[in-house]
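**Q** Heads up: the sequence lines are chains A and B, in that order.
Be aware that the first sequence starts at 2, since it is given in our numbering, and climbs by one per residue.
Be aware that the second sequence starts at 342, since it is given in our numbering, and climbs by one per residue.
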Amino acid sequence: MSAQPLLQVRDLRVRFATMDGQVQAVDGVDLDLAAGETLGVVGESGSGKTVTALSLLRLIPSPPGRIAGGSILLDGRDLLALPDVDMRKVRGNEIAMIFQDPMTAMNPVLRIGRQLTEPLVNHQGMSRGQARARAAELMGLVGLADAARRLDDFPHQFSGGQRQRLMIAMALACNPKVLIADEPTTALDVTISAQILELMQDLQREFQSGIIIITHDLGVVARTADRVAVMYAGRVVEQGDVETIFARPSHPYTWSLLDSLPRLDGARGERLVPIPGSPPSLINKPSGCPFHPRCRVRREVCTSVQPPLVEVGAGHLAACVIGRDEAAAERERLAAAHADAA
Amino acid sequence: MIAYALRRLLIQLPILLVFSFVMYLVLFHAADPKARLQQIPGARAEDIQRIIEQQGLDKTWYEGYWGWLGDFVQGDWGASFSNKAVGAATLIWDRLPATLELMLVSLLLSILIAAPIGIYSALRRYTPFDYATTAFSYIGFAMPTFLLGLLLQMFAIWSQQNGWAVIPFTIGLILVLATVTTLLKPQRSSRGIAITAGVGFVLIWMSLAFWGSFGGDGQLIFKTAGRFTDAANGSMFSVDHLQHLALPVITLAVVNIAAWSRYQRSATIDVLSADYLRTARAKGLPERTVIGRHALRNALLPLITIVAIDIGFAFSGAVVTETVFGWPGIGRLLYDAALDGDITVAMGVIMLGAFMIVVFNLIADLAYAIADPRIRLA
Ligand SMILES: Nc1ncnc2c1ncn2[C@@H]1O[C@H](COP(=O)(O)OP(=O)(O)OP(=O)(O)O)[C@@H](O)[C@H]1O
Ligand SMILES: [Mg+2]
Chain A
2 MSAQPLLQVR
12 DLRVRFATMD
22 GQVQAVDGVD
32 LDLAAGETLG
42 VVGESGSGKT
52 VTALSLLRLI
62 PSPPGRIAGG
72 SILLDGRDLL
82 ALPDVDMRKV
92 RGNEIAMIFQ
102 DPMTAMNPVL
112 RIGRQLTEPL
122 VNHQGMSRGQ
132 ARARAAELMG
142 LVGLADAARR
152 LDDFPHQFSG
162 GQRQRLMIAM
172 ALACNPKVLI
182 ADEPTTALDV
192 TISAQILELM
202 QDLQREFQSG
212 IIIITHDLGV
222 VARTADRVAV
232 MYAGRVVEQG
242 DVETIFARPS
252 HPYTWSLLDS
262 LPRLDGARGE
272 RLVPIPGSPP
282 SLINKPSGCP
292 FHPRCRVRRE
302 VCTSVQPPLV
312 EVGAGHLAAC
322 VIGRDEAAAE
332 RERLAAAHAD
342 AA
Chain B
342 MIAYALRRLL
352 IQLPILLVFS
362 FVMYLVLFHA
372 ADPKARLQQI
382 PGARAEDIQR
392 IIEQQGLDKT
402 WYEGYWGWLG
412 DFVQGDWGAS
422 FSNKAVGAAT
432 LIWDRLPATL
442 ELMLVSLLLS
452 ILIAAPIGIY
462 SALRRYTPFD
472 YATTAFSYIG
482 FAMPTFLLGL
492 LLQMFAIWSQ
502 QNGWAVIPFT
512 IGLILVLATV
522 TTLLKPQRSS
532 RGIAITAGVG
542 FVLIWMSLAF
552 WGSFGGDGQL
562 IFKTAGRFTD
572 AANGSMFSVD
582 HLQHLALPVI
592 TLAVVNIAAW
602 SRYQRSATID
612 VLSADYLRTA
622 RAKGLPERTV
632 IGRHALRNAL
642 LPLITIVAID
652 IGFAFSGAVV
662 TETVFGWPGI
672 GRLLYDAALD
682 GDITVAMGVI
692 MLGAFMIVVF
702 NLIADLAYAI
712 ADPRIRLA
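1) Is the CB of A623 (chain B) under 7 Å away from at least one CB in chain A?
2) Ends of the beta strand (DSSP E) at T664 (chain B)?
3) Decide if A136 (chain A) is buried, meaning its Cβ has at least 16 other Cβ atoms within 10 Å, or exposed.
4) Note down, in chain order, each residue of its chain lying with its Cβ closer than 8 Å to the Cβ of M127 (chain A), except the 5 sequence neighbours on either side.
5) Go through its chain and collect everything with a Cβ distance to R465 (chain B)'s Cβ below 8 Å, but skip five positions before and after it.
6) Taking DSSP as the reference, what is the three-state secondary structure of A623 (chain B)?
7) When you compare the CB of D616 (chain B) with every CB in chain A, is at least one pair closer than 7 Å?
8) Tell me where the alpha helix (DSSP H) around A344 (chain B) begins and ends.
9) Label D706 (chain B) either buried or exposed according to how many other C-beta atoms from any shown protein chain fall within 10 Å of its C-beta, with 16 as the threshold for buried.
10) Terminal residues of the continuous beta strand (DSSP E) containing T537 (chain B)?
11) Give the residues whose C-beta lies closer than 7 Å to at least one heavy atom of ligand 2, in chain order.
12) Could you tell me how far apart the beta carbons of D683 (chain B) and S500 (chain B) are, in whole angstroms, since I believe they sit closer than 8 Å?
13) How is the beta strand (DSSP E) around M232 (chain A) delimited, first residue to last?
14) In or out: M171 (chain A) buried (at least 16 other Cβ within 10 Å) or exposed?
15) Figure out for me which residue from B:I591, B:A371, B:G672 and B:Q390 has the closest Cα to the Cα of Q379 (chain B).
16) How about A106 (chain A) and Y406 (chain B): are their beta carbons less than 7 Å apart?
17) Distance, Cα to Cα, P185 (chain A) vs I99 (chain A)?
18) Using a C-beta cutoff of 7 Å, does T620 (chain B) count as contacting chain A?
19) List in chain order: all unbroken alpha helix (DSSP H) runs of 4+ residues lying wholly within the region 635-719 of chain B.
20) Beta-carbon separation of G93 (chain A) and A623 (chain B) under 7 Å?
21) Note down the Cα distance separating E442 (chain B) from I68 (chain A), rounded to an integer number of angstroms.
22) Tell me the DSSP secondary structure of M140 (chain A) in three-state form.
23) Which residues, taken in chain order from the region 358-375 of chain B, show a beta carbon closer than 7 Å to some beta carbon of chain A?
24) Cutting at 6 Å between CB atoms, please list the residues of its own chain near I193 (chain A), excluding the five before and the five after it.
25) Could you please give the first and the last residue of the uninterrupted alpha helix (DSSP H) stretch that includes H317 (chain A)?
26) At which residue ranges does the region 270-318 of chain A contain complete beta strand (DSSP E) runs of 3 or more residues, listed in the order of the chain?
27) Examine chain B for any beta-carbon lying closer than 7 Å to the beta-carbon of R14 (chain A), and answer yes or no.
28) With a threshold of 7 Å between beta-carbons, can T19 (chain A) be considered close to chain B, or not?
29) Spatial neighbours of C296 (chain A) within its chain, please: CB distance less than 6 Å, with the 5 preceding and 5 following residues excluded, ordered by chain position.
30) Would you kindly work out how many angstroms separate the C-alpha atoms of E327 (chain A) and R334 (chain A), rounded to a whole number?
31) Distance check for S602 (chain B) and A473 (chain B), CA to CA, integer angstroms please.
32) Helix, strand or coil for F413 (chain B), going by three-state DSSP, please let me know.
33) Hey, would you say the C-beta of A649 (chain B) is under 6 Å away from at least one heavy atom of ligand 1?
34) Please compile the residues from chain D whose C-beta is within a distance smaller than 7 Å of the C-beta of L58 (chain A).
35) Check the Cβ-Cβ distances between L641 (chain B) and every residue of chain A, and say whether any is below 7 Å.
Written out as C-alpha cells, the structure reads:
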C-alpha cells in the first residue's frame, strides 16, 4: 500500500441467525482500498463476497443479519459508528453499488428518469429539471444513445447490457469515492461484459473512484484489478498485487484455485487440478484453518490453529502457516505428481 | 386494447351459451311448474289445463330453451311466470341499483381496510398486530355468510334493547380479544399490545358506565330488513338508509377483508425482498421513500386483479346476504324466483352474474395492463 487508504476494513464480522444456527458469513475480513485503485475480490460461491459488500453500505438485511464487529473506515470515519441519518448520506453519495442482476435491480414500474435522478435529488438537492439534465448527461457518459427521449422509458424497454449501463450511471450519479460492483457482468454475455468492464475503467480514470469489483471470474480480475483479495469461508486468505497473486500465490487455496482453472495464456498445455471436497458449512466451521479439510499440503497445526493474515512479501499478505517459498515448492511437487498420475 | 377486449368477450360467448343451456336444463327439471299448479287448492282440472296451454308449460325442455334464448337475445329476457305483466329484464333492471349499491359500498370499505392492514402487517411481520389480524382473518374467512348475517341480526336486536353503548362495547371486546390472540404466541412485551388492550378496556368500561343511557328504549339502531323503512320515499342519503345499509355491508365486507388483507400481506412481503428495494436503499433514500415510492406501487399491483375478479363473483354471491337482510336486490330476486319456479327470472339473474364474471375478468386484465408498464395487450 502506497497511499493512505481511502477505505479500510478491519476484522469485519457478519452473522445471520437462521433456523439451523448462526451463519458466520463474514468472519474477520480485512480490506484496503486506495483512491483510483481497483480491488478485485474473488472466492467461491458462498464465501461472503456479497455480504462483505453489503456491510460496507450497512445494507445487511436485519433480521436475520447483523454486523457483529469490526470497523469500516472511510477517510478515517467509522461507518459502523454513524447514526442512520448520516449513513444514508454515505449511501449512493460516497459509496455506491452496482448489483449482479440488472434485470431485477431496477424498479419495473418507475421510469428510468425517475430512478436515475433519485440520488441527485436526494443527495445534491438538485431540482427535478436539473437532475433530469444531469441524468441525460450520465446516460450519454455510459454510452446510451438518445438519452433525452429514453428517460421516459421503463426498465423493461432496455436490454441487459443497457440496464447494467444504467445501473452504472445511477451509481456514478453523485461521483462516489468508492464504487462497489458485485459481479457486474455475470449476467451478461462475453462481448457486452467486456464493454461494461472497459466502461467502468474509463469512468474510473475520469472520476478517480476506488473500485471494488467482486467476481468469481479470475479473468475479470486479471483484466481490471490492481490488487486482489481472495476470500474463503468468510475470511480473506490472501491479498496482494494482481501480478503477485497470479505469479507467486502463497495460500494453498489461491493456487489450487488457479490450477483448477484454464489459464488465460493457455500455457504449456497444463492439466487442470480440481480442488477436492466442497466449501465448508459456515455454521459449524472446521476447527483451525477453515481450508484444512480440502488442503493437500496441510500440517498438524492446521487442524487446531487459524493462522492470521501476515505479510509474506512486499504488500503481499497470506493466512497460512506455510511460507511463500515453501508453498511454491509444494505447488510444483503436486503439479508434477498430478501430471505423472495422468 | 379495445380490439383485445372485444376479442376476449367474443371468445367467451360460446362458453356463456353452453352455461345457459346447462343452467336452463337444471332449472327446468327442478322448477316443474305443472306440478305446482296441481297443488293449488281447489283448482279445477280444466283450468289447470287451460293455464298450461296459455303459458306453454307443456313445452319440452328444448322448445323452452329455444324460446327463452330468443327472448333473451331480443332483450326482454322472457316473461316472468309469476308476474306476467313485465319481462324478466324489467324486473331485474329494477332491482339492480340496490345490489350495485350494496356491492360498491362494501367493496370500497373492504379495499380501504384490507390494503392498509395487509401492507402494515407485512411491514411489521411477526408483531402482535400481525398475529391479531391473521387470527381475525382466519375467523372472518371461515365464518359462513349466513351465520355472520344472523349474528349481526342478533347484535341489532341486542343494540335495540341496550342502546348505542353496545357499539363501543363490542369494539372494545374485539380489541381485547385481539390482544388475547397475540398472547397465544410468546411475545416480547410490546407497547402496541398494552395500548390496544388499554383502549379496549377503557371502551368496555365507558360503555358499561353509560349502558342504556343512549337509546335502548326499543328504537332500532340497525335495521335488519329492507333498504328503506318507507320504500316509496326513501332517500339514499338519509340516516334511515345508513341504518339499513350497515349490517349487510359489514356481512359482505368481512370475507373480502379477510381474504384481501392476507393477499396484500403476502404480495407486500414478496416485494419487500425485491432486489430493486435494495437498489433504492443503496441510493441513500429514506425508508419512507423506499416503501412509499418503490415498494407500495409494486405491492398493490396484484390486488387489482384479485379485486376485479372478486367483484365479478360478488354479483352472484350476494344471494345469501340479500336474503338474510331482505335487501331488495337481484340476489333476493333470484332466491324468490327459485322458490317460485320462475325460470325466466332466475335465468336472467344467473346469466347476468355469469356475464359479470366474464366482464370483470377482462377488466382485471385490462386494469393490470394499465397499471403495469411491462404488460402490453395485443
Ligand atoms: N439473508 C441471509 N440469511 C442467511 N444467510 C445468508 C443471508 N445472506 C447471505 N447468507 C449466507 O452468507 C454466506 C455468504 O453469502 P454471500 O452472498 O456473501 O456469498 P457470495 O460470496 O457473494 O457468493 P456468490 O458468489 O454465490 O454470490 C452464505 O453462506 C449465505 O448462506
Ligand atoms: Mg454474491
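From the three backbone atoms N, C-alpha and C, an ideal C-beta is built for every residue, glycine too.
Computed from a predicted structure; not experimentally measured.
**A** Based on what the coordinates show:
1) yes
2) Premise fails: T664 (chain B) lies in the alpha helix (DSSP H), V660 to V665, not in any beta strand (DSSP E).
3) buried
4) T118, L121 and R135
5) D471
6) helix
7) yes
8) I343 to A372
9) buried
10) Note, T537 (chain B): premise wrong, no beta strand (DSSP E); alpha helix (DSSP H) at R532 to A550.
11) A:K50, A:T51, A:Q101, A:D183, A:E184 and A:I215
12) Wrong, their Cβ atoms sit about 36 Å apart, outside the cutoff.
13) R228 to Y233
14) buried
15) B:Q390
16) no
17) 7 Å
18) yes
19) 637-658, 660-665, 671-681 and 684-712
20) yes
21) 55 Å
22) helix
23) none
24) G162
25) No alpha helix (DSSP H) holds H317 (chain A); the beta strand (DSSP E) holding it covers H317 to A319.
26) 311-314
27) no
28) no
29) P253
30) 11 Å
31) 12 Å
32) helix
33) no
34) In the structure shown, chain D cannot be found, because the protein chains are A and B.
35) no
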